[in-house]
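Under the numbering used here, the residue at position 14 of the sequence shown is numbered 16, and the numbers go up by one with no gaps.
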Amino acid sequence: MQVTLNQQAEELLRTALARHPGHSPAEILEQALAEHVERETAATPAKQKLTREEFHAWLDQFTAYSDKIPSMPGESFSREMIYQTTIRWRPSPTCSTAIASFDWPNGTIRSTPL
């Protein structure tokens, strides 16, 4: 198998060869690939499939205190409020604008003077 390296990878390989003069390029690449695969598998543990009973127990535990969350009236969040972002910053000495709003659907920016 032949592998084509880009310029950055070639430079990294040259650096590794300079640090380890007794190794061939193939040995260095094999070791780097093995270390990368080992880190990848260690970082992502295998997902365990839950039984139906375990899933229901987890779901009951997850929702144990959901009845203590206060409900909010429907008017609390309007569609316009969801799509509107308000950005606040400190005014600079040369700028008298303190609040700007970006209206997402229309793509306009509105400024509110101090």
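Using N, Cα and C, we set each Cβ at its ideal position, and we do this for glycine too.
As the structure is a computational prediction, the values presented were derived from the model and not from experiment.
I need the boundaries of the alpha helix (DSSP H) containing residue i, first residue and last residue.
i  : result
Q9 : Q9 to R21
Cα-Cα, which of the options is closest to residue i?
i   : options              : result
L35 : S73, E82, M83 and V5 : V5
Between the stretch 11-18 and the stretch 26-33, do at least 3 Cβ pairs fall closer than 8 Å?
The way I'd put it, the stretch 11-18 does touch the stretch 26-33; three or more beta-carbon pairs between them come closer than 8 Å.
Within the stretch 35-71, ranges of the alpha helix (DSSP H) (whole runs, at least 4 residues):
Taking only runs of at least 4 residues, the alpha helix (DSSP H) segments lying wholly in the stretch 35-71 are 54-64.
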